[in-house]
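Q:
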Amino acid sequence: MMRLLALADPDDPAPFESSRTVLLRGPQGPLSHGLALLLVAQHQDGAIAGALTASPPDWIVTHPGITGEHNQSALINRLGTVHGVAVDEPYRGQGIACALIAEAERHLGRQGYGLITMDHKPELTAFYTRLGYAHGTQLVIHTPGPLIAQPAHTGMIHSFKPLESNVRLRTVPGYPEPMVSGLVSRTHIPAGSQFLPGRGLFVPRGA
89 MMRLLALADP
99 DDPAPFESSR
109 TVLLRGPQGP
119 LSHGLALLLV
129 AQHQDGAIAG
139 ALTASPPDWI
149 VTHPGITGEH
159 NQSALINRLG
169 TVHGVAVDEP
179 YRGQGIACAL
189 IAEAERHLGR
199 QGYGLITMDH
209 KPELTAFYTR
219 LGYAHGTQLV
229 IHTPGPLIAQ
239 PAHTGMIHSF
249 KPLESNVRLR
259 TVPGYPEPMV
269 SGLVSRTHIP
279 AGSQFLPGRG
289 LFVPRGA
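Heads up: the sequence shown begins at 89 in my numbering, then just goes up one per residue.
#1: Looking at Val175: is its Cβ nearer than 8 angstroms to the Cβ of Ala185?
#2: Measure the alpha-carbon distance for Pro234 versus Met206 and round it to whole angstroms.
#3: How many whole angstroms separate the CB atoms of Ala140 and Leu188, which I take to be in contact at a CB cut-off of 8 angstroms?
#4: According to DSSP, simplified to helix, strand and coil, what is His276?
#5: Could you pull the DSSP bridge partners for Lys209 from this structure?
#6: Restricting to runs no shorter than 3 residues, where is the beta strand (DSSP E) found entirely within the stretch 208-249?
#7: On a CA-only basis, which of Pro285, Thr259 and Ile164 is nearest Ala279? Give me that one, please.
#8: Closest by CA to His230, which one among Pro210, Leu289, Pro261 and Met90?
#9: What residues in its chain sit with their C-beta under 6 angstroms from that of Val255, if we drop five residues either side in the sequence?
#10: Does the beta carbon of Thr225 fall short of 7 angstroms from some heavy atom of the ligand SAM?
#11: Residues in the same chain with beta-carbon distance under 7 angstroms from Asn165, minus the five sequence neighbours each way, listed in chain order, please.
#12: Among Val173, His246, Leu163 and Thr225, which one has its Cα closest to the Cα of Ala142?
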């Protein structure tokens, strides 16, 4: 499994560090390893053919716009990020990556996560589009406070997909990226809203 996870980001100088920390926790809820999800795909010949890791993103606790334990906890329990998904070369082209991602979506959705995200190389954009993901250079979340904008890693694309019907991606006039609406309470973006530079999200009176 660790060898497979290294394939997910071959340029990472320390591909095992976060996975090793997660594995040391042992299997426990709400996800497979506390707040982390580790999945493996076993081929019918018995080999471990693919692996996936996911958890709330680390930037939730370091982002300057997310202050206070209440706001951090609200997002930690609603936002899941796939950190790596890889399939061993002999088993590629058999739908294993799609199956791992679909299982991650089901697992996170059952535990109340409203959005799944990931960063990936631009050449994989069409693949994730077929799986129902939207894309941008940043993830923008409407919160009760300021908008939270988290850019993708350098040279990567940020993809995201709602896991429940009340979480939506809204196109807001004046802003170049889709916004996530309804991920936490009191954050649905009403019709007629627009983004005003220097003032932020403007919601029409009475909306």
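Just so it is clear, CB atoms sit at the ideal spot from N, CA and C, and this is done for glycine as well.
On a predicted model such as this, the values are computed, not experimentally measured, just so you know.
A: In short:
#1: With contacts defined as CB atoms closer than 8 angstroms, Val175 and Ala185 qualify as a contacting pair.
#2: Going by the C-alpha atoms only, they are around 22 angstroms apart.
#3: Rather than Ala, the amino acid found at residue 140 in this sequence is Leu. Taking a contact as a CB-CB distance under 8 angstroms, the pair Leu140 and Leu188 counts as one, their CB atoms being some 4 angstroms apart.
#4: Look at His276 here: in three-state DSSP terms it is coil, with no helix or strand label.
#5: Bridge pairing for Lys209: absent [DSSP].
#6: Within the stretch 208-249, the complete beta strand (DSSP E) runs of at least 3 residues are 222-224, 226-229 and 236-239.
#7: The residue with the shortest Cα to Cα distance from Ala279 is Thr259.
#8: Closest by alpha carbon: Leu289.
#9: Sequence-distant partners of Val255 (beyond 5 residues in either direction) whose C-beta falls short of 6 angstroms from its own C-beta, in its chain, are Gly202, Leu203, Gly270 and Leu271.
#10: Absent from the structure shown: the ligand SAM. Ligands present: none.
#11: Shown here for Asn165: same chain residues with a beta carbon closer than 7 angstroms to its own, the five before and five after excluded, namely Gly200 in chain order.
#12: Proximity to Ala142 across Val173, His246, Leu163 and Thr225 peaks at Val173, based on C-alpha coordinates.
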